[in-house]
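Peer 1:
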Amino acid sequence: MEFNQRSIISIRDFSREEIEFVVGKALEVKQGRWHDALSGKVLASLFFEPSTRTRLSFEAAMVSMGGRVVGFADAGVSSTKKGESLADTIRTVTGYCDVIAMRHPVEGAARLASEVAGVPVINAGDGANQHPTQTFLDLFTIHEEFGRLDGLKVGMLGDLKYGRTVHSLAKALSLFEVEQVFISPPSLRMPEGIIEELRQGGTAFQEVEEIDQVQGALDVLYVTRIQKERFADFQEYERVAGAYRLGHRELSALGGQCRVMHPLPRVDEIKPEVDSGGNAIYFRQAHNGIPTRQALLGLVTGTIS
Amino acid sequence: MTEDRARKVYAIDRGTVIDHIPSPLALKVVEILGVKQEGILTIGINFKSAKLGSKDIVKVENLKLTESVTDRLALVAPTATINIIEQGRVVEKRPIHIPREFHGLLRCPNPKCITNVEEVTTVFHLEGEPPHPAVRCHYCERLYKNPGELVE
Chain A
428 MEFNQRSIIS IRDFSREEIE FVVGKALEVK QGRWHDALSG KVLASLFFEP
478 STRTRLSFEA AMVSMGGRVV GFADAGVSST KKGESLADTI RTVTGYCDVI
528 AMRHPVEGAA RLASEVAGVP VINAGDGANQ HPTQTFLDLF TIHEEFGRLD
578 GLKVGMLGDL KYGRTVHSLA KALSLFEVEQ VFISPPSLRM PEGIIEELRQ
628 GGTAFQEVEE IDQVQGALDV LYVTRIQKER FADFQEYERV AGAYRLGHRE
678 LSALGGQCRV MHPLPRVDEI KPEVDSGGNA IYFRQAHNGI PTRQALLGLV
728 TGTIS
Chain B
69 MTEDRARKVY AIDRGTVIDH IPSPLALKVV EILGVKQEGI LTIGINFKSA
119 KLGSKDIVKV ENLKLTESVT DRLALVAPTA TINIIEQGRV VEKRPIHIPR
169 EFHGLLRCPN PKCITNVEEV TTVFHLEGEP PHPAVRCHYC ERLYKNPGEL
219 VE
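Residue numbers (this note's numbering), protein chains in the order written: chain A, 428 to 732; chain B, 69 to 220.
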């Protein structure tokens with residue numbers, strides 16, 4: 428399996444075997460096997476759109492494995508503001524680094540960057556399209572918790588229409604023997620295109636509007652935030668958001684054992700009472716961004732194999 | 069061709085005849101082929117067809133269209149057949165192959181796609197097979213079920 432010099436742009440580019448390989452490497456990294464593997468390597472961290480968490484996670488991943496970071500956190504300080512094209516920015520930066528991590532508000536920007544760059548590009552989010560390292564760390568977290576991905580039942584709750592994390596997660600999980608349950612208000616359902624792909628691929632799934640309608644226990648519930656700006660009517664937002672707030676009562680309706688995940692930031696969709704129980708794994712999930720991104724950085728620079 | 073039809077459609081000595089185009093797509097076919105400025109064009113619309121019910125025909129005089137050009141028709145008129153004419157006779161009958169990828173032919177309607185922001189040649193990948201071809205943008209990854217509408 429060849430990862431050296433490969434760009435990480437979309438979860439669609441990966442087979443089941445490749446995903447399992449990355450998840451396995453992330454585990455090795457977390458266990459301390461690849462100490463200082465990124466020593467001497469330089470990451471260009473190009474954030475054309477601000478994202479504190481993802482940027483810090485990439486930069487911490489690089490530095491704590493012996494690498495160094497150059498870059499910017501906001502397009503206002505890059506030459507894009509002077510009218511330079513993305514392709515030219517990337518062609519230039521290529522000469523300064525061994526790998527690029529970039530976030531850009533335009534969909535497909537990372538794909539284009541990977542086609543003009545002389546070094547591998549890792550997509551840290553391109554608009555509403557893809558954020559593959561998030562999906563890898565989500566899969567790693569589930570695998571870490573259960574020791575497997577096959578045979579699990581995974582629910583996704585909240586805004587399934589606009590949330591790119593759940594779109595990519597659903598697509599990735601469809602490569603495994605995972606039953607998926609989508610819980611959302613009718614106006615925020617999983618897009619028809621994704622539902623159709625799951626159907627064609629023979630993935631078992633159910634769509635419901637309320638937590639109480641879920642049949643059987645869930646192993647994982649992946650919660651996403653319902654954003655106010657999706658609703659024209661504030662009262663309607665309050666009603667819908669309230670119905671999807673997760674607490675002890677809702678968790679027991681889901682079998683009581685299910686692990687709760689969230690891409691963060693969380694606002695009030697998970698009640699604080701859930702934080703201290705054994706169900707909550709969302710902070711560990713966020714921390715898993717480090718070994719997952721280290722594994723990917725090492726694989727694409729050829730320092731982890 | 070019946071004698072009656074021969075009177076209706078101007079026969080050509082040399083060029084390309086595109087037959088079995090589902091009505092009323094002849095004008096769209098001309099647009100996709102990009103042959104508006106290429107000499108005499110004869111367009112017939114709404115002929116009776118045993119296969120299609122009703123069909124259109126386009127004749128492009130003096131121009132032998134290449135396969136890469138005629139294959140563009142796969143997205144709008146996959147039933148079309150291509151006849152290359154020389155000295156008044158059919159010298160080549162060509163089916164349409166649907167390409168797996170389309171370069172520079174389609175425009176992505178997503179305003180947030182990089183192909184609408186930077187100078188980039190569009191690339192689309194074929195996902196559904198005819199008669200329901202669908203294409204996915206190589207860059208923003210959106211899926212489109214009516215690819216004929218994306219032709220520039």
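Glycine included, C-beta positions come from ideal geometry on N, C-alpha and C.
Is it a yes or a no for the region 687-704 of chain A touching the region 531-540 of chain A, going by three-plus beta-carbon pairs under 8 Å?
Peer 2: As far as the Cβ criterion goes, the region 687-704 of chain A does not touch the region 531-540 of chain A, which means the pair count is below three.
Peer 1: Count Cβ pairs between the region 543-561 of chain A and the region 617-637 of chain A that sit closer than 8 Å; are there 3 or more?
Peer 2: As far as the Cβ criterion goes, the region 543-561 of chain A does not touch the region 617-637 of chain A, which means the pair count is below three.
Peer 1: Exposed or buried, B:K127, counting other C-beta atoms within 10 Å across all chains shown (16 or more means buried)?
Peer 2: Taking the first residue of the second sequence as position 1, residue 127 of chain B is located at position 59. Buried is the call here.
Peer 1: Return no unless some Cβ of chain B is closer than 8 Å to the Cβ of A:A722.
Peer 2: Taking the first residue of the first sequence as position 1, residue 722 of chain A is located at position 295. By this cut-off, A:A722 is not an interface position.
Peer 1: For a cutoff of 8 Å on Cβ pairs, would you count B:K116 as touching chain A?
Peer 2: Position 48 of the second sequence, counted from the start, is the residue given in the question as residue 116 of chain B. Not closer than 8 Å to any Cβ of chain A, the Cβ of B:K116 fails to qualify, so no.
Peer 1: Which chain B residues sit within Cβ distance under 9 Å of A:S541?
Peer 2: To locate residue 541 of chain A, count along the first sequence from 1; it is residue 114. Residues of chain B passing the Cβ test: none, with the nearest at roughly 11 Å.
Peer 1: Can you find a CB in chain A that lies within less than 8 Å of the CB of B:E217?
Peer 2: Taking the first residue of the second sequence as 1, we reach residue 217 of chain B at position 149. So no, B:E217 is outside the interface.
Peer 1: Check whether the Cβ of A:G744 lies closer than 8 Å to any Cβ atom in chain B.
Peer 2: Shown here, chain A extends from 428 to 732; a query on residue 744 of chain A therefore has no answer.
Peer 1: Any idea what DSSP makes of A:M492, helix, strand or coil?
Peer 2: Here residue 492 of chain A refers to the residue found at position 65 when the first sequence is read from its first residue. A:M492 falls in the coil class under three-state DSSP.
Peer 1: Pick helix, strand or coil for A:E476, following the three-state DSSP scheme.
Peer 2: Looking up residue 476 of chain A in the first sequence gives position 49. It is coil, neither helix nor strand.
Peer 1: State yes or no: is the beta carbon of B:V188 nearer than 8 Å to at least one beta carbon in chain A?
Peer 2: Mapped onto the second sequence, residue 188 of chain B falls at position 120. With 8 Å as the cut-off, B:V188 counts as an interface residue toward chain A.
Peer 1: Considering only residues of the region 613-648 of chain A, which uninterrupted alpha helix (DSSP H) runs meet the minimum length of 4 residues and lie entirely inside it, listed in chain order?
Peer 2: Fully enclosed alpha helix (DSSP H) runs of 4 or longer: 619-627.
Peer 1: Apart from the five residues just before and just after B:D124, which ones in its own chain have a Cβ nearer than 8 Å to its Cβ?
Peer 2: Locating residue 124 of chain B in the second sequence gives position 56, counting from the first residue. Within the same chain, B:D124 has close Cβ partners I89, P90, S91, P92, L93, A94, V97, I111, G112, I113, N114, F115.
Peer 1: Does A:R538 come within less than 8 Å of chain B when only Cβ atoms are used?
Peer 2: What you label residue 538 of chain A is simply residue 111 of the first sequence in a count that begins at 1. True, the Cβ-Cβ gap to chain B drops below 8 Å.
Peer 1: So A:D646 and A:K580 are in contact, right, with Cβ under 8 Å, and what is the actual spacing, rounded?
Peer 2: Within the first sequence, numbered from 1, the residue matching residue 646 of chain A stands at position 219. Within the first sequence, numbered from 1, the residue matching residue 580 of chain A stands at position 153. Confirmed, about 5 Å.
Peer 1: Are the C-beta of A:L513 and some C-beta of chain B separated by less than 8 Å?
Peer 2: Position 86 of the first sequence, counted from the start, is the residue given in the question as residue 513 of chain A. Output row for A:L513: interface = yes.
Peer 1: For A:D515, which of helix, strand or coil comes out of DSSP?
Peer 2: Locating residue 515 of chain A in the first sequence gives position 88, where the first residue counts as 1. In this structure, A:D515 counts as helix in the three-state DSSP scheme.
Peer 1: With which residues is A:T560 paired in a DSSP beta bridge?
Peer 2: For the purposes of this step, residue 560 of chain A is identified with residue 133 of the first sequence, where counting begins at 1. Answer by DSSP bridge pairing: none, since A:T560 is not bridged.
Peer 1: For B:I174 versus B:E195, is the C-beta distance shorter than 8 Å?
Peer 2: If you number the second sequence from 1, residue 174 of chain B lands on position 106. If you number the second sequence from 1, residue 195 of chain B lands on position 127. Checking the sequence shown, residue 174 of chain B turns out to be Leu, not Ile. Taking 8 Å as the Cβ cut-off, B:L174 and B:E195 do not qualify as a contacting pair.
Peer 1: Any idea which residues DSSP pairs A:L724 with across the strands?
Peer 2: Reading the first sequence from its first residue, position 297 is the one you call residue 724 of chain A. According to DSSP, A:L724 bridges with nothing at all.
Peer 1: Can you check whether the CB of A:D565 is closer than 8 Å to the CB of A:R652?
Peer 2: Walking along the first sequence from the start, residue 652 of chain A turns up at place 225. Walking along the first sequence from the start, residue 565 of chain A turns up at place 138. For A:R652 and A:D565, no; Cβs fall outside 8 Å.
Peer 1: Spell out whether any CB of chain B is found under 8 Å from the CB atom of A:A644.
Peer 2: Sequence index remark: in the first sequence, residue 644 of chain A carries index 217 (1-based). By this cut-off, A:A644 is not an interface position.
Peer 1: For A:A528, does the three-state DSSP call read helix, strand or coil?
Peer 2: Along the first sequence, read from residue 1 onward, the residue named residue 528 of chain A stands at position 101. A:A528 falls in the strand class under three-state DSSP.
Peer 1: What are the boundary residues of the alpha helix (DSSP H) that includes A:A540?
Peer 2: Residue 540 of chain A sits at position 113 when you count from the first residue of the first sequence. Its alpha helix (DSSP H) spans residues 536-543.
Peer 1: Within 8 Å of any Cβ in chain A, is that where the Cβ of B:E197 sits?
Peer 2: Looking up residue 197 of chain B in the second sequence gives position 129. Cβ-Cβ to chain A under 8 Å: no for B:E197.
Peer 1: Would you report the Cα separation of A:S614 and A:E696, rounded to the nearest angstrom?
Peer 2: The sequence position of residue 614 of chain A within the first sequence is 187, counting from 1. The sequence position of residue 696 of chain A within the first sequence is 269, counting from 1. Their Cα atoms are separated by approximately 17 Å.
Peer 1: Looking at chain A, which residues of the region 97-121 of chain B have a Cβ within less than 7 Å of any of its Cβ atoms?
Peer 2: Within the region 97-121 of chain B, no residue has a Cβ that lies closer than 7 Å to any Cβ of chain A.
Peer 1: Work out the CA separation of A:E455 and A:W461 for me, nearest whole Å.
Peer 2: Taking the first residue of the first sequence as 1, we reach residue 461 of chain A at position 34. Taking the first residue of the first sequence as 1, we reach residue 455 of chain A at position 28. The straight-line gap from Cα to Cα measures roughly 7 Å.
Peer 1: Do A:T719 and A:K468 have their C-beta atoms within less than 8 Å of each other?
Peer 2: Position 292 of the first sequence, counting from 1, holds the residue named residue 719 of chain A. Position 41 of the first sequence, counting from 1, holds the residue named residue 468 of chain A. Result no, Cβ atoms of A:T719 and A:K468 do not sit closer than 8 Å.
Peer 1: Compare the beta carbon distance of A:L726 and A:M489 with 8 Å and say whether it is the shorter of the two.
Peer 2: Within the first sequence, residue 726 of chain A is the residue found at index 299, counting from 1. Within the first sequence, residue 489 of chain A is the residue found at index 62, counting from 1. Not a contact, by the Cβ cut-off of 8 Å.
Peer 1: Listed in chain order, which residues of the region 163-181 of chain B have Cβ atoms closer than 7 Å to some Cβ of chain A?
Peer 2: Under the 7 Å Cβ criterion, the region 163-181 of chain B contributes N178, K180, C181.
Peer 1: Are the beta-carbon atoms of A:I733 and A:S484 separated by less than 8 Å?
Peer 2: This structure gives no information on residue 733 of chain A, because the portion of chain A shown stretches from 428 to 732.
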